[in-house]
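J.:
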Amino acid sequence: MKLQQVRAFCAVVDHDMSVSRAARALHTTQSAVSKQIGQLEDGLGVALLIRAKSRILGLTDVGRQVLQCMRGILAATEDISLIVADHRREAGGRLAIATTHTHARYALQDIVPGFTRRHPGVGLHLVQATPSEIADLVATGEVDLGLSTAPQILPPSLATIPCYKLKHVLIGERGHPVFETSPLTLEAIARHPLITYSEQHAIGRRVNEAFAAAGLSPKIAMRGTDVEIMKSYAATGVGLAVIPLIAYSRTRDRKLDARPVDHLFPTSIVYALARRGAYWPRHLYEFVGKLAPNLTPAAIEEALLSTEPPA
Numbered sequence: 399m400k401l402q403q404v405r406a407f408c409a410v411v412d413h414d415m416s417v418s419r420a421a422r423a424l425h426t427t428q429s430a431v432s433k434q435i436g437q438l439e440d441g442l443g444v445a446l447l448i449r450a451k452s453r454i455l456g457l458t459d460v461g462r463q464v465l466q467c468m469r470g471i472l473a474a475t476e477d478i479s480l481i482v483a484d485h486r487r488e489a490g491g492r493l494a495i496a497t498t499h500t501h502a503r504y505a506l507q508d509i510v511p512g513f514t515r516r517h518p519g520v521g522l523h524l525v526q527a528t529p530s531e532i533a534d535l536v537a538t539g540e541v542d543l544g545l546s547t548a549p550q551i552l553p554p555s556l557a558t559i560p561c562y563k564l565k566h567v568l569i570g571e572r573g574h575p576v577f578e579t580s581p582l583t584l585e586a587i588a589r590h591p592l593i594t595y596s597e598q599h600a601i602g603r604r605v606n607e608a609f610a611a612a613g614l615s616p617k618i619a620m621r622g623t624d625v626e627i628m629k630s631y632a633a634t635g636v637g638l639a640v641i642p643l644i645a646y647s648r649t650r651d652r653k654l655d656a657r658p659v660d661h662l663f664p665t666s667i668v669y670a671l672a673r674r675g676a677y678w679p680r681h682l683y684e685f686v687g688k689l690a691p692n693l694t695p696a697a698i699e700e701a702l703l704s705t706e707p708p709a
């Protein structure tokens, strides 16, 4: 079994069983990818892919079982490269981070420019996903780090490093009567249609739990995952929305009114998700330290060893 064969197999899976797309991603030919996978299957003595004529339909049972091991091999190979580069004091390679739209747009925009200037040899890749997808991407080694609120299900191979808290605001179209309410209560909000996050997002779960605990069932006008879309529809009067404070700007969002609601909905903690046992180059410690200045390398290492579940 060779690394090129493992890369070819994982690339085909990652590109929806398309050999042509996998070949483009690997900068090689379709015939080379097919040959590598064929040699891998011959060497193992089992079929990993379900085929029909010239098409690949999916993974066999064995293929599904070995996929995570194959990803682990590639992740370990990347770790070896990082260790060697770090030893030579050469910051290089790839830093892949999976995060939600909100954090990519608002939390990272002040960090990324300086990081890329300091480390021109590091290729920074941002992957947008939901919290559950982010956990899977980190666990399989497809990305080096995740940044999100805690997913509903956390793979045991992952550690959570608390970075910062998300405060929330209620937004709605300018002049909406709810913003004249004092004090602002759950009952007052529940009288109006809501635009809310899906249950995959911690904010969506916390909002739903708060209303349920109060015995309220507000009308859900719309569910979404993209805060920009939620703001856009809130501005047109479709409904009220609870969003992270970092995503709201009084000067930028002139069509919206807003009120703080942390007295109604608990704050959410944003975590860096990382594989336990993975090697951390110096530039990764630096990146996380910029996200949360209180996180020293020692604090990060302590969090990586902790088995405490996320809050």
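Numbers given in this note's numbering equal positions in the sequence shown, counted from 1, plus 398.
Glycine included, every Cβ here is placed at the ideal spot set by N, Cα and C.
Keep in mind the model is a prediction, meaning the values are calculated, not measured.
What residues are listed by DSSP as bridge partners for Arg673?
T.: Note: Arg673 sits in a beta bridge opposite Leu556.
J.: Ile593 and Tyr646 look like a contact to me (Cβ under 8 Å); what is the Cβ gap, rounded to whole Å?
T.: Contact flag wrong, Cβ pair sits at about 14 Å.
J.: Give the straight-line distance between the Cα atoms of Ser714 and Arg515, rounded to the nearest whole angstrom.
T.: No answer is possible for residue 714: it lies beyond the span of the chain, which begins at 399 and ends at 709.
J.: By the three-class DSSP mapping on this structure, what secondary structure does His566 have?
T.: In this structure, His566 counts as strand in the three-state DSSP scheme.
J.: Report the residue from Val410, Ala406, Ala672 whose alpha carbon sits nearest the alpha carbon of Ser546.
T.: Selected option, being the one with the closest Cα: Ala672.
J.: Hey, quick one: how far does the alpha helix (DSSP H) through Gly687 stretch, first residue to last?
T.: Start and end: 680 to 689.
J.: So, at 7 Å on beta carbons, what are the nonlocal neighbours of Gly635 in its own chain, with the 5 sequence-adjacent residues on each side left out?
T.: Correct list, in chain order: Glu571.
J.: Could you pull out every residue in the same chain whose Cβ sits closer than 8 Å to the Cβ of Gly512, ignoring the five residues on either side in sequence?
T.: Here the set comprises Lys688.
J.: Closer than 8 Å is the cut-off here; do at least three beta carbon pairs connect the stretch 502 to 511 with the stretch 423 to 438?
T.: Judged by Cβ distances under 8 Å, the stretch 502 to 511 makes no contact with the stretch 423 to 438, as fewer than three pairs qualify.
J.: Which class does Gln428 belong to by DSSP, given the choice of helix, strand or coil?
T.: Note: Gln428 maps to helix in three-state DSSP.
J.: Taking contact to mean at least 3 C-beta pairs separated by less than 8 Å, is the stretch 402 to 414 in contact with the stretch 444 to 458?
T.: The stretch 402 to 414 is in contact with the stretch 444 to 458.
J.: Going by C-alpha distance, which of Thr665, Ala421, Arg657 is nearest Glu578?
T.: Of the listed residues, the one whose Cα sits closest to Glu578 is Arg657.
J.: Scan the stretch 400 to 460 and note each continuous beta strand (DSSP E) run of 3 residues or more that stays entirely inside, going in chain order.
T.: 447 to 450, 453 to 457, all fully within the stretch 400 to 460.
J.: Using only CA atoms, which one of Ser416, Arg419, Leu424 lies nearest to Arg405?
T.: Taking only the C-alpha atoms, the option nearest Arg405 is Leu424.
J.: From Asp440, Thr498, Ala676, pick the residue whose C-alpha is nearest to that of Gln403; which is it?
T.: Out of Asp440, Thr498, Ala676, Asp440 has the C-alpha closest to the C-alpha of Gln403.
J.: Excluding the 5 residues flanking Thr665 on each side, which residues of the same chain have their C-beta closer than 8 Å to its C-beta?
T.: Here the set comprises Lys563, Leu564, Lys565, His566.
J.: Based on DSSP bridge pairs, tell me the residues matched to Leu465.
T.: According to DSSP, which records beta bridges pairwise, Leu465 is partnered with nothing at all.
J.: Could you check where the alpha helix (DSSP H) with Leu535 kicks off and where it finishes?
T.: That run of the alpha helix (DSSP H) goes 529 to 537.
J.: Return the chain-ordered list of same chain residues with a C-beta closer than 8 Å to the C-beta of Met399, the five sequence neighbours on each side being excluded.
T.: If we look at Met399 and ignore the five residues flanking it on each side, its Cβ neighbours are Leu438, Gly441, Leu442.
J.: Which complete beta strand (DSSP E) runs does the stretch 609 to 644 hold, if anything under 3 residues is left out?
T.: Segments of the beta strand (DSSP E) lying fully in the stretch 609 to 644: 618 to 622, 638 to 642.
J.: Identify whether Ser666 lies in helix, strand or coil by the three-state DSSP scheme.
T.: Three-state DSSP puts Ser666 in a strand.
J.: Closest by CA to Ile495, which one among Pro707, Val686, Thr705, Ala611?
T.: Comparing Cα positions, the closest option is Val686.
J.: Can you tell me whether Ala474 is buried or exposed? The criterion is at least 16 other CB atoms within 10 Å of its CB, across all chains shown.
T.: Result: exposed.
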